[in-house]
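Taking it in order: structure first as structure tokens, then the write-up.
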Amino acid sequence: MAQEYSTLEVYRPEASPLPEAVPGQFYDPKFADAKQPPRYSSLPQVIDSTPPEVYYTQGSTLPPPAPNDQSEQDRTVCGLKRKTFWIVFAVLLVIIIAAAVGGGVGGALSSKKKSSPPSSTNSTTTTSDPILPNSRIAAINYTDASNVVHHRVYFQGASLALYQSDFSAATNNWTVSRVNVTGNVTALQGTALSAYAYYHSAADVDFHLYFMDASDGTSVREFYSTLSNSTWTLGDGDARHVARQNSTLASYGRACSACSSSNFYIYEGPDGDGTADAAFRNTGASSWPSTEFLTGVVEGSAIATAPVPPVAGNANAQVAVYWNNGQLREMYYNGSAWVYTGGPSGTELDAGSGIAALTQNVDDVLFVQVLTTSNAVTMDMWNGSAVEWSSRSAGLGAFDDVVVRSPIAANQLGMIYMWMDAGNGSTLAEWKMTNDGTDVSFEKVGPVGLEM
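Residue 1 is where the sequence shown starts when you use the UniProt record's numbering, and the numbers rise one by one after that.
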């Protein structure tokens, strides 16, 4: 980030009970690993297939042959010599027993197959609607009225329906529910997704989700719900603007009491000329006038936003925006104007790269991480102490199994979401970032809970 950050000290979250502000130990909440698939009892043991022995009681003798019988060696059973008969009988008995055992094993395997999650993208399915392969994603965090921390991921199902998976720190469980409204509103297949939680007060938080409409592929749609009412309705920014077909999307809403009260969403301009427009909410008039906002945007490429809280010496809360013009670029709002900084130098991105941004205050030092997913996951980090950007992909071993050019989303709790190669298909997974005040590290938490 440009020199403008060099004099900034970050707002101390412990001075205000903010549900979204990142506390000094934002990464401390202990989140349980994702649920493991159920264990199944071992298969039934194969029964003893040894045919029964023919026997006589002790002391008994073989009955004497009848006068017209053949000798002991020449007698027959069912027209066959006795030895041949018993060999055939034993073989048939073994076959019958094997068939019975096979039926039991097959039944057990069939039962297991029915109760196991299917393969490929199976670990990322809802009960009735599998997640759309490589679905775009959006992520937020918030604190509920009971002071419980949540993080939430939005995704699209194969039916084109939209879903949310909400993790509660109180239960260590994910809860999946559909995001829909009354009326005929369908998301475009593979739509970009963007979301934010708008903080009014500790008991008053709004949830906003943006996506592209399937009917024309160009209308920007908005769904809206609140902390006190989980029913989704159309937001007042819904269907106000037309974007490029299958446009990328980004958005920002006030993330904490000390955060910038800016409220906007970004979409690619309908002319396809490499510009992105921003629609800013006019609270008094409930209108969303738009303006050309970014230039040189690679068509269809990701855009990300992140809150930058007020700092000592600068009381203005800030917002940062990151986009792809072939390289990673940055612009931020300083409280009165948008300032283009250029961003990290030399970080080249391809058109399919995802972008996600996080910020933290650690001991009054501002840290910003921008993660991208071109051929590998790369991190550009602003260190307010060193007053410089650094870039690296080496040492990010926790991301080795991330799918190339995976969609990516992150929240300000330091939780990151991407698609990973699960060996039998890809699955949506969660990683956790830890900042020790000098550097950051990442660890894989596990698959995101997506079962209804």
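Heads up, the beta-carbon is just placed ideally off N, CA and C, and yes, glycines get one too.
Residue environment, residue i, which counts as buried when at least 16 other CB atoms sit within 10 Å
i: residue 165; result: buried
i: residue 251; result: buried
i: residue 307; result: buried
i: residue 200; result: exposed
i: residue 215; result: exposed
i: residue 298; result: buried
i: residue 344; result: buried
i: residue 373; result: buried
i: residue 183; result: exposed
i: residue 191; result: buried
i: residue 419; result: buried
i: residue 454; result: Only positions 1 to 452 of the chain appear in the structure, and residue 454 is not among them; the question remains open.
i: residue 347; result: buried
i: residue 225; result: buried
i: residue 337; result: exposed
i: residue 291; result: exposed
i: residue 449; result: buried
i: residue 400; result: exposed
i: residue 363; result: exposed
i: residue 304; result: buried
Contact set for residue i: own chain, Cβ-Cβ below 8 Å, skip 5 residues either direction
i: residue 456; result: Any property of residue 456 remains undetermined from this structure, which presents the chain solely from 1 to 452.
i: residue 150; result: 141, 142, 143, 144, 166, 167, 168, 169
Other residues of its chain near residue i: CB distance less than 6 Å, five sequence neighbours each side excluded
i: residue 444; result: 398, 431
i: residue 159; result: 129
i: residue 294; result: 276, 323
i: residue 175; result: 166
i: residue 433; result: 414, 440, 442
i: residue 237; result: 222, 288
i: residue 393; result: 376, 378
i: residue 411; result: 139, 140, 141, 151
i: residue 254; result: 198, 199, 261
i: residue 296; result: 274, 325
i: residue 416; result: 410, 431
i: residue 207; result: 197, 225
Beta-carbon proximity list for residue i, same chain, < 7 Å, skipping 5 on both sides
i: residue 404; result: 375
i: residue 302; result: 248, 324, 353, 354, 355
i: residue 217; result: 188, 245, 246
i: residue 242; result: 218, 219, 270
i: residue 438; result: none
i: residue 267; result: 220, 241, 243, 247, 249, 276, 277
Assumed close pair residue i, residue j - CB separation to whole angstroms, cut-off 8 Å
i: residue 378; j: residue 390; result: Going by Cβ atoms, the distance from residue 378 to residue 390 rounds to 11 Å, so no, they are not a contact pair.
i: residue 435; j: residue 360; result: 5 Å
i: residue 326; j: residue 349; result: 7 Å
i: residue 240; j: residue 203; result: 29 Å between Cβ atoms; not a contact.
i: residue 198; j: residue 205; result: 7 Å
i: residue 370; j: residue 328; result: 6 Å
Beta-bridge pairing of residue i - partner residues as DSSP gives them
i: residue 201; result: 204
i: residue 446; result: 430
i: residue 454; result: The chain is shown from 1 up to 452; residue 454 falls before or after that span and cannot be answered.
i: residue 150; result: 142, 168
i: residue 132; result: DSSP, once it has assigned bridges, lists no residue as partnering residue 132.
i: residue 283; result: Looking at the DSSP assignment, residue 283 forms no beta bridge with any residue, so it has no partner.
i: residue 392; result: 379
i: residue 194; result: 210
i: residue 225; result: 207
i: residue 323; result: 303, 329
i: residue 435; result: 440
i: residue 245; result: In the DSSP output, where bridge partners are listed per residue, residue 245 has none listed.
i: residue 185; result: Bridge partners of residue 185: none, in fact.
i: residue 420; result: 402, 427
### Query
Is the region 407–417 touching the region 134–143 in the sense that three or more CB pairs, one from each, lie closer than 8 Å?
yes
### Segment contact, 8 Å Cβ cut-off, at least three pairs: the region 225–232 with the region 270–285
The answer is no - the region 270–285 does not touch the region 225–232, with fewer than three Cβ pairs under 8 Å.
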